[in-house]
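Heads up: the structure comes next, in structure tokens.
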Amino acid sequence: MRHTISVLVENKFGVLSRISGLFSGRGFNIESLSVGETIDPAVSLMTIVTSGDDRIVEQITKQLNKLIDAIKVIDFINIDHVEREMILVKIAPKKNDKTEVLKLAEIFRGRIVDSGASTFTVQITGNESKIQAFIELIKPYGIKEFVRTGKVAIAREGIKKTK
């Protein structure tokens with residue numbers, strides 16, 4: 001099962017290494033990782049996506065809680081939350097496909113963030129399925145390159161998921 005784990009940590013040298021080592025030491029892959037400073041520059045928030053057995057991921061979250069630099073650990077598996085990713089896609093459509101590419105970007109609420117003589121760079125934000133759907137639809141028009149952020153997540157106010 002897929003888990004999105006939020007870890008509030010002290011913003012110190014080596015914290016990322018210790019946390020990733022905890023995952024690799026147990027044979028777990030980190031599918032995506034996003035780290036950024038919070039309002040307090042001494043604290044960072046890590047959003048980690050991994051897949052695995054619930055029992056073993058529970059062990060990992062308990063061990064994350066034991067780390068000195070970890071302030072708070074949340075596994076979003078049973079918490080209603082909002083998740084988002086972002087991609088930047090550089091597309092090189094043929095001359096007669098440019099309008100279609102612009103329409104697809106608009107349908108997905110994307111923004112053209114750069115334009116060149118033969119390319120458009122489109123920014124799309126959304127959940128994983130929206131991002132994947134856009135990628136699949138835009139492939140025939142000529143993706144030159146794309147970059148994708150890791151997932152970020154935040155709990156909805158006062159709502160718990162029911163199993």
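For what it's worth, the working numbering labels the leading residue of the sequence shown as 1, then goes sequentially.
Glycine residues also receive a C-beta, built at the ideal position from the N, C-alpha and C atoms.
Note that this is a predicted model, so its numbers are computed, not measured.
Contact check between the region 126-137 and the region 8-16: fewer than three CB pairs, one atom from each, fall below 8 Å, which does not count as touching. For LYS103, the secondary structure class from DSSP, reduced to helix, strand or coil, is helix.
Taking 4 residues as the minimum length, the alpha helix (DSSP H) runs contained wholly in the region 63-140 are 98-107 and 128-138, in order along the chain. LYS95 is not a Cβ neighbour of LYS144, given a cutoff of 7 Å.
In the DSSP assignment, the residues bridged to GLY36 are LEU45. In this structure, LEU33 keeps its C-beta atom at 7 Å or more from the C-beta atom of ILE56. Pairwise C-beta distances place the region 68-76 in contact with the region 2-14, as three or more of them are shorter than 8 Å.
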